[in-house]
Amino acid sequence: MRFAAGVDGGGTRTTVECRAMDGTALCREILGPFNLNSVGEARFTGLLEEIADFLRKKGECTALCIGAAGISNPRVRELTAQVMDGLCPWRLAGDHEIALHGALSGEPGIALIAGTGSICCGKNERGESVRAGGWGHLIDDGGSGYALGRDVLAAVVRQWDGRGEDTVLARLVLEFLKIDTPQELIAYVYSGDKSRIAALAPLAGQAAEQGDRAALLIYEKNGAELGELVLAAARRLGMASGVVALLGGLLTRDARLRGALSTWLAERAPGLRCAEPRQDAAAGAAMLALELAAEART
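Numbering-wise (numbering that gives the first Met the number 0), the sequence shown opens with residue 0 and increments by one.
Spelled out as structure tokens, the structure:
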């Protein structure tokens, strides 16, 4: 059997999808985390060998696309070449690239991704692609889970200082963290990574349900931040209309954030329509592999 394969390499798991040469999805395999920095070179190479063995058992792999974060690391390419050279033509792609391709089934449009971080990418009819955001939580990541959590904490400490209005977020944060003092809050914030801040994002939704003004303003602000990412990408692509696929755990779970984004876009870019993704990132990688296979034949 001849097929092409795509890999969506994530921090907790790796998904491999095989597709027949006519694009029909054949099978999937779930493997371990695809993160060189976290697992080390030996385990990373072992994962690549698992992928290669899986593909060999399925038949003749005509092309492979591996999509993941961190592919700019030269060592990722070197280790991949050691395992995949000789198996089939292959390429590396950013995780946002395969997410965009899957979300729009390869068609022009924009993909907005908001989870712990945020990034927007898009492609127009001419095949030109751009990205906006994705600069990381220290300098950007507006509209992300980290940003919502940070804004929740900012509202709380502003109340404690007398700089901001009273908010139910103060009570919710103390209850969620099981703490009693500002000093304990500082210890929580500065003793871990950004995921500890992002974990507080759902509290904004709980407070907003109670009509809390500070929480409602947090959603208004972060919906606008996401909208600005979309609008920046659309302008650079010359797209006045088109589909904006919404991806990532935060946009999937938080209807209020999606609503704030949709409202912002409707007022400023009515031609852009928010939609659910058509397919996932593993499917996008497999479709890119099929394109690579077609190029290899010409």
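All C-beta atoms, glycine included, are put in the ideal place defined by N, C-alpha and C.
Buried/exposed call for residue i, threshold 16 Cβ in 10 Å
i, result
"GLY191", "exposed"
"LYS56", "exposed"
"GLY226", "buried"
"PRO269", "exposed"
"TYR189", "exposed"
"LYS177", "exposed"
"SER240", "exposed"
"ALA382", "Not covered by the structure: residue 382. The range shown for the chain is 0 to 297."
"ILE185", "exposed"
"GLU40", "exposed"
"ASP160", "exposed"
"CYS64", "buried"
"GLU307", "For residue 307 there is no data in the structure shown, the boundaries of the chain being 0 and 297."
"THR115", "buried"
"GLY210", "exposed"
C-beta atoms of residue i and residue j nearer than 9 Å
i, j, result
"GLY22", "VAL15", "no"
"LEU78", "LEU35", "yes"
"CYS119", "VAL229", "yes"
"ARG1", "GLU59", "yes"
"ALA262", "GLY237", "Per the sequence shown, the amino acid found at residue 262 is Thr instead of Ala. Contact flag unset, no."
"LEU199", "VAL151", "yes"
"ALA292", "ALA102", "no"
"ALA244", "PRO201", "no"
"THR13", "PRO32", "yes"
"ALA113", "GLY148", "no"
"PRO88", "ALA295", "yes"
"ASP84", "SER117", "no"
"ALA146", "ALA213", "no"
"ARG130", "ALA232", "yes"
"GLY144", "LYS122", "no"
"LEU260", "LEU250", "yes"
One or two residues paired with residue i in a DSSP bridge
i, result
"PHE2", "ALA19 and CYS60"
"ASP7", "THR14 and GLY66"
"ALA113", "SER117"
"SER128", "LYS122"
"ALA92", "GLY66"
"ILE29", "THR14"
"GLY108", "LYS122"
"ALA24", "ARG18"
Specify whether the segment 248 to 264 and the segment 63 to 73 touch according to this definition: at least 3 beta carbon pairs, one from each stretch, less than 8 Å apart.
no
Touch test, the segment 204 to 212 against the segment 163 to 179, Cβ-Cβ under 8 Å, three pairs minimum
yes
As an exercise, report each continuous beta strand (DSSP E) stretch of at least 3 residues that is fully enclosed by the segment 218 to 275, in chain order.
241 to 246 and 271 to 274
Hey, is the segment 279 to 293 in contact with the segment 128 to 142, meaning 3+ C-beta pairs nearer than 8 Å?
no
I'd like to know if the segment 47 to 54 and the segment 93 to 113 are in contact, where contact means that at least 3 CB-CB pairs between them fall below 8 Å.
no
Please specify which runs of the beta strand (DSSP E), each continuous and at least 3 residues long, are wholly inside the segment 121 to 193, giving them in chain order.
128 to 132
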